[in-house]
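Number of protein chains: 2
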Amino acid sequence: MLPAILSSPSSSSTSTFPLRYSSLSSLTNLSSLPLTIGCRRTSKKSTHNNCSIRVQASSRMIEKETPETERPHTFLRESDEGSSGDDSSKPNSVRARFEKMIREVQDSVCAALEDVDGGGKFKEDVWSRPGGGGGISRVLQDGDVFEKAGVNVSVVYGVMPPEAYRAARPVDNGDTKPGPIPFFAAGVSSVIHPKNPFAPTVHFNYRYFETDAPKDTPGAPRQWWFGGGTDLTPAYIFEDDVKHFHSVQKGACDKFDASFYPRFKKWCDDYFYIKHRDERRGLGGIFFDDLNDYDQEMLLSFSTECANSVIPAYIPIIEKRKDTPFTDEHKAWQQLRRGRYVEFNLVYDRGTTFGLKTGGRIESILVSLPLSARWEYDHQPVEGSEEWKLLDACINPKEWIC
Amino acid sequence: MLPAILSSPSSSSTSTFPLRYSSLSSLTNLSSLPLTIGCRRTSKKSTHNNCSIRVQASSRMIEKETPETERPHTFLRESDEGSSGDDSSKPNSVRARFEKMIREVQDSVCAALEDVDGGGKFKEDVWSRPGGGGGISRVLQDGDVFEKAGVNVSVVYGVMPPEAYRAARPVDNGDTKPGPIPFFAAGVSSVIHPKNPFAPTVHFNYRYFETDAPKDTPGAPRQWWFGGGTDLTPAYIFEDDVKHFHSVQKGACDKFDASFYPRFKKWCDDYFYIKHRDERRGLGGIFFDDLNDYDQEMLLSFSTECANSVIPAYIPIIEKRKDTPFTDEHKAWQQLRRGRYVEFNLVYDRGTTFGLKTGGRIESILVSLPLSARWEYDHQPVEGSEEWKLLDACINPKEWIC
Numbered sequence: 345m346l347p348a349i350l351s352s353p354s355s356s357s358t359s360t361f362p363l364r365y366s367s368l369s370s371l372t373n374l375s376s377l378p379l380t381i382g383c384r385r386t387s388k389k390s391t392h393n394n395c396s397i398r399v400q401a402s403s404r405m406i407e408k409e410t411p412e413t414e415r416p417h418t419f420l421r422e423s424d425e426g427s428s429g430d431d432s433s434k435p436n437s438v439r440a441r442f443e444k445m446i447r448e449v450q451d452s453v454c455a456a457l458e459d460v461d462g463g464g465k466f467k468e469d470v471w472s473r474p475g476g477g478g479g480i481s482r483v484l485q486d487g488d489v490f491e492k493a494g495v496n497v498s499v500v501y502g503v504m505p506p507e508a509y510r511a512a513r514p515v516d517n518g519d520t521k522p523g524p525i526p527f528f529a530a531g532v533s534s535v536i537h538p539k540n541p542f543a544p545t546v547h548f549n550y551r552y553f554e555t556d557a558p559k560d561t562p563g564a565p566r567q568w569w570f571g572g573g574t575d576l577t578p579a580y581i582f583e584d585d586v587k588h589f590h591s592v593q594k595g596a597c598d599k600f601d602a603s604f605y606p607r608f609k610k611w612c613d614d615y616f617y618i619k620h621r622d623e624r625r626g627l628g629g630i631f632f633d634d635l636n637d638y639d640q641e642m643l644l645s646f647s648t649e650c651a652n653s654v655i656p657a658y659i660p661i662i663e664k665r666k667d668t669p670f671t672d673e674h675k676a677w678q679q680l681r682r683g684r685y686v687e688f689n690l691v692y693d694r695g696t697t698f699g700l701k702t703g704g705r706i707e708s709i710l711v712s713l714p715l716s717a718r719w720e721y722d723h724q725p726v727e728g729s730e731e732w733k734l735l736d737a738c739i740n741p742k743e744w745i746c
Numbered sequence: 345m346l347p348a349i350l351s352s353p354s355s356s357s358t359s360t361f362p363l364r365y366s367s368l369s370s371l372t373n374l375s376s377l378p379l380t381i382g383c384r385r386t387s388k389k390s391t392h393n394n395c396s397i398r399v400q401a402s403s404r405m406i407e408k409e410t411p412e413t414e415r416p417h418t419f420l421r422e423s424d425e426g427s428s429g430d431d432s433s434k435p436n437s438v439r440a441r442f443e444k445m446i447r448e449v450q451d452s453v454c455a456a457l458e459d460v461d462g463g464g465k466f467k468e469d470v471w472s473r474p475g476g477g478g479g480i481s482r483v484l485q486d487g488d489v490f491e492k493a494g495v496n497v498s499v500v501y502g503v504m505p506p507e508a509y510r511a512a513r514p515v516d517n518g519d520t521k522p523g524p525i526p527f528f529a530a531g532v533s534s535v536i537h538p539k540n541p542f543a544p545t546v547h548f549n550y551r552y553f554e555t556d557a558p559k560d561t562p563g564a565p566r567q568w569w570f571g572g573g574t575d576l577t578p579a580y581i582f583e584d585d586v587k588h589f590h591s592v593q594k595g596a597c598d599k600f601d602a603s604f605y606p607r608f609k610k611w612c613d614d615y616f617y618i619k620h621r622d623e624r625r626g627l628g629g630i631f632f633d634d635l636n637d638y639d640q641e642m643l644l645s646f647s648t649e650c651a652n653s654v655i656p657a658y659i660p661i662i663e664k665r666k667d668t669p670f671t672d673e674h675k676a677w678q679q680l681r682r683g684r685y686v687e688f689n690l691v692y693d694r695g696t697t698f699g700l701k702t703g704g705r706i707e708s709i710l711v712s713l714p715l716s717a718r719w720e721y722d723h724q725p726v727e728g729s730e731e732w733k734l735l736d737a738c739i740n741p742k743e744w745i746c
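Same order as they appear, the protein sequences are chains A and B. In terms of our numbering, the first sequence opens at residue 345 and continues consecutively. In terms of our numbering, the second sequence opens at residue 345 and continues consecutively.
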């Protein structure tokens, strides 16, 4: 027999962690990091086995969360709210303003969705962490229009391995040996799956990431990044809808930099790629990450503009398509495409896979999955059919606006 | 901006490959390696874009497959059928006898399933590879009893990176620098999902793995391993069914070694572990891997016995449960458990994840997924309910037979 370390399934799966997340970029790339980093829930297990709360320190980068009955006015640490003289400690710090923005976006998007749904209401879960940070998960399930809609915000204070920080520094002469680097991350993340197969799924996520200056390496820089995006995943193509959606994204981008839309549109097509199918999850939108080579205030405004564009980009499409009559065949095709959504999220999405490996709050991580999905063996749409046209556009991304 | 290598999503996901599969054990551990290693199908894309056949050499360890209209009498290379004096080249070599065994098992299991289904018939896809090897995929979909049943055999001639071979050798003094190691793998793999929520899903997989002696390292040993297992995944517990299933597994094990059942039962509970849920996929069975520290003939007989035990372990349970009346609530719970099945297979199962990363035949890899699955936000069964009992047994594995 081989040594246990080589043959044990569990050792093999945990050992990938330090290898896979060995660069800071991998951390900041996580499309739903702020959403998902949390703690495995223990309430379920406590009814079964009092001693089964297994916290694996090696795979946990942040503290365990505790449920809250009320939303706090902020998830920032007190020191981040006061005025210690540090830039991050002012009420108008980027941290504070980003948190305010994502919470306002959560409120406005949830209100708009409840309004268009007419029947469904969001259920809310709030949690915090002893050392600061926390989150609000809101889910509307089985409404009149929406099958499942999750809109989450989260604020995380964590610590990353020093290798991650070192790997991301442009020049590393190997002289410095920093210890673990504290980081701050905040974000809003949402996936909205409607019932009607002609009404598209939308996903958006906007996040901000900062490292503290390492205490044992005087002079090493504090770093910050913005990331995010909004993308559309229909089961059927209505060109007007897709053009409208992309136009709103382009409009938000063009207010800041003419290069943003083409660059972030392509980044989106590249990111939401289901490699084993050689197709994209949907029809794209915009996606950006590790963005720090522009003015910080400009990028904060840009993120805010993008997040505020979700409602005008998406709600008019839902209004138009939510009551379109459909057949069982249309529904089955939507369910097959939902299967692709599951494949992308569980296999490739870095926020999801990272959250699952690090003990994030599972229900928040997996709220992105549709209520139901389907896998048929070797399903091939008839060439030229509406289903085929969607698949073709997922395989060969198009320019929707000129 | 960070260097592209750090920020590009695709580079990040492909770079994990050599890290994650850096030991031979990781390769031989793959629960459906022989099933899944293949090639991305190109037929779909060829109708869309003639130049879109993108074979990424870095993630391909075996040749592209070609569809066949008829089953060949063997997938072995001609040199493996003849008599070159090498042990592997005799008609009664372990390679040849293992292939014969798995093809007989495929035939008998498919016949038994069609018989109990009454209506559904298996659809067959056959493929081969120019340099030897190939496979037969059989799928019964939307039958009277079975929602989706896949039974596949596959024979693979591949090449593994030398690091994999070196890492798996018990003593590596670092003096030898072998080149890539040719390997042979063959296996039968199957997942059977019935429609009735009281009728359990079963999975089985039996595989044999051999390396050639490395040509540039005279004297380095040829290696071989057996792996496999059979496990049951019900949505509801009928103790009699679970006891019957485990008894048949134990019976097969006990014919060979009294230590096998307890050891392989625990291995199964450990392997089919959904870490992010802290629960097992189902109620287990047996699982073993990297098995080479017994007589090779004994292990061939043992694998054969296990594979032949699938029908007596499973079919009587299906006969008993296939027509049990059920409600929409029972069906919804089955669908939620199917969601867990999808989570395990896409996130943890090494055969699936390896197959997806290496360009395996996608439809064969993902035939293990159920026809449909469901994810409800924060679903918690009522304590003491039948659903809770199943979940409890998945969280706290039980000894089903004394």
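Yeah, the Cβ is synthetic: ideal placement off N, Cα and C, and Gly gets one too.
Practice task
Say whether chain B places a C-beta atom closer than 9 Å to the C-beta of SER533/A.
Solution key: Translated into the one-based positions of the first sequence, residue 533/A becomes position 189. It does not: the Cβ of SER533/A has no partner Cβ on chain B nearer than 9 Å.
Exercise for the section: Kindly indicate if chain B contains any beta-carbon less than 9 Å away from that of TRP719/A. Expected result: Counted from its first residue, the first sequence places residue 719/A at position 375. Closer than 9 Å: yes.
Problem - Coarse secondary structure for GLU649/B, derived from DSSP in three states - result: For the purposes of this step, residue 649/B is taken as the residue at position 305 of the second sequence. Reduced to three states, the DSSP call for GLU649/B is helix.
Handout entry: Validate contact between the stretch 447-460 of chain A and the stretch 489-501 of chain A using beta carbons, cut 8 Å, 3 pairs
Key = yes
Exercise for the section: For ARG625/B, collect the residues of the same chain with a Cβ closer than 7 Å to its Cβ; drop the 5 residues on either side in sequence, then sort them by chain order. Expected result: Counted from its first residue, the second sequence places residue 625/B at position 281. Around ARG625/B: THR577, PHE616, ILE618, ARG684, TYR685, PHE688.
Practice task
Would you please verify whether the beta carbon of ARG681/B is less than 9 Å from any beta carbon of chain A?
Solution key: Locating residue 681/B in the second sequence gives position 337, counting from the first residue. Cβ-Cβ to chain A under 9 Å: no for ARG681/B.
Exercise for the section: List the residues of chain A whose Cβ lies closer than 7 Å to the Cβ of GLU687/B, in chain order. Expected result: Start at 1 with the first residue of the second sequence, and residue 687/B comes out as number 343. Chain A residues near GLU687/B: LEU690.
Problem - Min CB distance VAL499/A to chain B below 9 Å - result: Against the first sequence, residue 499/A aligns to sequence position 155. With 9 Å as the cut-off, VAL499/A does not count as an interface residue toward chain B.
Handout entry: Proximal residues to LYS733/B (C-beta, below 7 Å), its chain only, five neighbours per side dropped
Key = Reading the second sequence from its first residue, position 389 is the one you call residue 733/B. Around LYS733/B: ILE581.
Problem - Identity of the residues DSSP links to ASP492/B by a beta bridge - result: Sequence index remark: in the second sequence, residue 492/B carries index 148 (1-based). A quick correction: the sequence has Lys, not Asp, at residue 492/B. Per DSSP, GLN485/B, HIS537/B.
Practice task
Can you pull the chain B residues whose beta carbon is under 9 Å from the beta carbon of PRO714/A, in chain order?
Solution key: Taking the first sequence and counting its residues from 1, one reaches residue 714/A at position 370. Correct list: ARG718, TRP719.
Handout entry: LEU368/B, DSSP secondary structure in three states
Key = Reading the second sequence from its first residue, position 24 is the one you call residue 368/B. With a pLDDT of only 34 at LEU368/B, under the threshold of 50, the placement of this residue in the model should not be trusted; the figure read from the coordinates follows. Reduced to three states, the DSSP call for LEU368/B is helix.
Handout entry: Members of the stretch 583-597 of chain B that neighbour chain A once the beta carbon cut-off is set at 9 Å
Key = none
Practice task
Using the DSSP secondary-structure output, state which residues sit across from GLU324/A in a beta bridge.
Solution key: A query on residue 324/A cannot be resolved here, the shown segment of chain A reaching from 345 to 746 and no further.
Problem - Counted within 10 angstroms of its Cβ, other Cβ atoms place CYS746/B as buried (16 or more) or exposed - result: For the purposes of this step, residue 746/B is taken as the residue at position 402 of the second sequence. Label assigned to CYS746/B: exposed.
Exercise for the section: Taking GLU673/A as the reference, give the member of PHE542/A, VAL449/A, LEU635/A with the closest Cα. Expected result: For the purposes of this step, residue 673/A is identified with residue 329 of the first sequence, where counting begins at 1. Checked all of PHE542/A, VAL449/A, LEU635/A; the closest Cα to GLU673/A is PHE542/A.
Handout entry: 6 Å Cβ shell around ILE655/A - same chain, five flanking residues per side excluded
Key = Here the question's residue 655/A lines up with position 311 in the first sequence. Counting only Cβ-Cβ distances below 6 Å, and skipping sequence neighbours, we find ALA456.
Exercise for the section: Please report how far the alpha carbon of PHE570/A lies from the alpha carbon of MET642/A, in whole angstroms. Expected result: Residue mapping note: residue 570/A aligns to position 226 of the first sequence, counting from 1. Residue mapping note: residue 642/A aligns to position 298 of the first sequence, counting from 1. The straight-line gap from Cα to Cα measures roughly 11 Å.
Exercise for the section: Kindly say whether VAL483/B, judged by its beta-carbon, lies nearer than 9 Å to any beta-carbon of chain A. Expected result: By one-based count along the second sequence, residue 483/B stands at place 139. It does; some Cβ of chain A falls within 9 Å.
Handout entry: Given 8 Å, three or more beta-carbon pairs between the stretch 661-677 of chain A and the stretch 531-541 of chain A
Key = yes
Problem - Interface flag, GLU458/B vs chain A, CB-CB below 9 Å - result: As a working mapping, residue 458/B is identified with position 114 in the second sequence. Chain A, which has no Cβ nearer than 9 Å to the Cβ of GLU458/B, makes this no.
Handout entry: Buried/exposed call for PRO714/A, threshold 16 Cβ in 10 Å
Key = Counting from one through the first sequence, the residue named residue 714/A turns up at place 370. PRO714/A is buried by the Cβ-count criterion.
Handout entry: Proximity winner among GLU727/B, VAL532/B, THR555/B, relative to GLY524/B (alpha-carbon distances)
Key = Walking along the second sequence from the start, residue 524/B turns up at place 180. Looking at the sequence shown, residue 524/B is not Gly but Pro. Nearest of GLU727/B, VAL532/B, THR555/B to PRO524/B, Cα basis: THR555/B.
Handout entry: Partner residues on chain A for ASP575/B, Cβ-Cβ distance less than 8 Å
Key = Position 231 of the second sequence, counting from 1, holds the residue named residue 575/B. Residues of chain A passing the Cβ test: none, with the nearest at roughly 13 Å.
Practice task
Go through its chain and collect everything with a Cβ distance to LEU420/A's Cβ below 7 Å, but skip five positions before and after it.
Solution key: Taking the first residue of the first sequence as position 1, residue 420/A is located at position 76. Excluding positions up to five away in sequence, the list reads ARG439, ALA440, GLU443, GLY476, VAL499.
Problem - Boundaries (first-last residue) of the alpha helix (DSSP H) holding ASP575/B - result: Counting from 1 along the second sequence, the entry for residue 575/B is found at position 231. Run containing ASP575/B: none in the alpha helix (DSSP H); it sits in the beta strand (DSSP E), 568-577.
Problem - Simplified DSSP assignment, three categories, for THR696/B - result: Reading the second sequence from its first residue, position 352 is the one you call residue 696/B. Of the three classes helix, strand and coil, the one that applies to THR696/B here is helix, per DSSP.
Problem - Short Cβ contact (9 Å threshold) for SER472/A with GLU422/A - result: Taking the first sequence and counting its residues from 1, the one referred to as residue 472/A is at position 128. Taking the first sequence and counting its residues from 1, the one referred to as residue 422/A is at position 78. Not closer than 9 Å, so no.
Practice task
Assuming SER716/A contacts GLN679/B (C-beta within less than 8 Å), just tell me the rounded distance between them.
Solution key: Taking the first residue of the first sequence as position 1, residue 716/A is located at position 372. Taking the first residue of the second sequence as position 1, residue 679/B is located at position 335. That pair is a contact at about 7 Å.
Exercise for the section: Return the first residue and the last residue of the alpha helix (DSSP H) that PRO588/A is part of. Expected result: As a first step, residue 588/A must be located in the first sequence, where it is residue number 244. The question names Pro, but residue 588/A in the sequence shown is His. Residues 583-598.
Problem - Proximal residues to ASP622/A (C-beta, below 7 Å), its chain only, five neighbours per side dropped - result: Residue numbering aside, residue 622/A sits at position 278 when the first sequence is read from its first letter. These residues qualify, in order along the chain: ILE739.
Exercise for the section: Using only alpha-carbon positions, find the residue among PHE466/A, GLY479/A, ASP459/A that is nearest to HIS417/A. Expected result: Residue 417/A sits at position 73 when you count from the first residue of the first sequence. Closest by alpha carbon: GLY479/A.
Problem - Under 7 Å by beta carbon: chain B residues contacting GLU707/A - result: One-based indexing of the first sequence puts residue 707/A at position 363. Under the 7 Å cutoff, chain B gives TYR721, ASP722.
Exercise for the section: Using a Cβ cut-off of 9 Å (strictly closer), state whether GLY494/B contacts chain A. Expected result: The residue you call residue 494/B lines up with position 150 of the second sequence. Chain A contact via Cβ: present.
Handout entry: beta strand (DSSP E) segment containing GLU554/A, residue limits
Key = To locate residue 554/A, count along the first sequence from 1; it is residue 210. 545-555 is the span of the beta strand (DSSP E), which, as asked, contains GLU554/A.
Exercise for the section: Give, in chain order, every unbroken run of the alpha helix (DSSP H) that is at least 4 residues long and sits entirely within the stretch 685-743 of chain B. Expected result: 694-701, 706-709, 730-739
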